[in-house]
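Numbering (the working numbering), first residue to last: 4 to 312.
Ideal Cβ positions, reconstructed from N, Cα and C, are used throughout, including at glycine.
Input: a single structure, listed below in structure tokens.
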């Protein structure tokens, strides 16, 4: 779905690996996440994504549930989804999704379709010798797609590298992609996602030729797509404007943002900036219900907040 008249889905990634040392505005506790999410939804965000301080799925489920219930109590149309947990097999790393689904607060699920080195650079621009690899094996990916299909959750896919997109396109071509899929094209900015002084990142840089390469891959696909710049600025780089002109959607937020020196916006400000750019481009901004329709998300279950009965 690449038409320019389609309303723009604005996803806001509230925190991620970003710490208070980088910006004082990043929300961390569930009450902070809920308050920030509601402010962003009021400003025009369609989807909310968050991390928390727990590495285990039990803690992630508890914190996410507390935040989502508060959000949905005010905005029952809101679309919220968490990240992965760390350590162990995928059945454990993804297990907090089951808790959130059973509570009726989840319509979207994390399904990143690939693996990538994530890290930063030292003062000389050389890779910091980390042993961390962000890993999603083919078996993991198959399993996550199966869960989305069974539970009726839309797979939200971060595309860190072109190989991630090739996997998503293979599922689409085979008719095996669960309903509600959304691909986010991640471009690596000048600041390492997990730290360092910058100069080294992942994937394609935030340039027009990089976007064109992804658009060439997406030619003939009906998957809705958005752009994000991790370790940079999706608006100032020009990426957001190029995407809007091509019928794409936007992801913003403090998980990704690393703008110019001295600039410390909050999430609401980043959403407002994206919404203003959409208006300049002559494209409407999607409400959460419109976003759900654009993505083709499965219907909300009868037990979900805001649903009669």
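Is any heavy atom of the ligand PLP found at a distance shorter than 7 Å from the C-beta of residue 208?
Absence of the ligand PLP is noted for the structure shown, with no ligands found whatsoever.
Item to check | Neighbourhood of residue 118 by C-beta, 8 Å cutoff - its chain only, sequence neighbours within 5 removed | outcome: Short of 8 Å from the beta carbon of residue 118, and not among the five residues preceding or following it, lie these beta carbons of its own chain, in chain order: 136, 137, 138, 139, 140.
* Give every residue of the same chain whose Cβ lies closer than 6 Å to the Cβ of residue 93, excluding the five residues on either side of it in the sequence, and list them in chain order. => Within the same chain, residue 93 has close Cβ partners 143, 146.
(request) Confirm, please, whether the CB-CB distance from residue 113 to residue 87 is below 8 Å. (result) yes
Going straight from the alpha carbon of residue 240 to that of residue 274, what length do you get? Here the C-alpha atom of residue 240 lies approximately 16 Å from the C-alpha atom of residue 274.
Could you check which residue in 214, 224, 296, 16 has the C-alpha nearest to that of residue 172?
-> Looking at the Cα atoms, 224 is the closest of the given residues.
key: The beta strand (DSSP E) enclosing residue 113, as first and last residue numbers   = 111 to 113
### Message
Give the list of continuous beta strand (DSSP E) stretches no shorter than 3 residues that lie fully inside the segment 25 to 67.
### Response
50 to 53
Quick check on DSSP: helix, strand or coil for residue 130?
strand
Check your understanding: Using DSSP with H/G/I as helix, E/B as strand and the rest coil, what is residue 146?
Key -> Residue 146: helix per DSSP, three-state reduction.
State whether the segment 277 to 293 contacts the segment 74 to 81, with contact taken as three or more CB pairs (one from each stretch) at a distance under 8 Å. yes
Inter-stretch contact at 8 Å, needing at least 3 Cβ pairs: the segment 217 to 236 / the segment 251 to 262: Verdict: yes, contact present.
Quick one: what does DSSP say residue 157 is sitting in, helix, strand or coil?
strand
*Going by the CB atoms, is the gap between residue 190 and residue 208 shorter than 8 Å?*
yes
- Given that a residue counts as buried once 16 or more other Cβ atoms are within 10 Å of its Cβ, and exposed if not, what is residue 23? exposed
What are the complete beta strand (DSSP E) segments, minimum 3 residues, inside the segment 207 to 279?
-> 228 to 233, 252 to 255
Assuming residue 255 and residue 46 make a contact with CB atoms under 8 Å, what is their CB distance in whole Å? That belief does not hold up - the Cβ atoms of residue 255 and residue 46 are roughly 10 Å apart, past 8 Å.
**Asked** Any idea what DSSP makes of residue 85, helix, strand or coil?
**Response** strand
Task: Buried/exposed call for residue 124, threshold 16 Cβ in 10 Å - done: Classification for residue 124: buried.
Close beta carbons around residue 245, own chain, < 7 Å, minus the five adjacent residues each side
211, 214
Exercise. Would you call the CB atoms of residue 12 and residue 296 closer than 8 Å?
Worked result: The answer is no: Cβ separation not under 8 Å.
Close Cβ partners of residue 163 (< 6 Å) along its chain, the five nearest in sequence each way excluded: 119, 189, 205, 206
Open item on the list: Based on DSSP bridge pairs, tell me the residues matched to residue 190.
Closed with: 232
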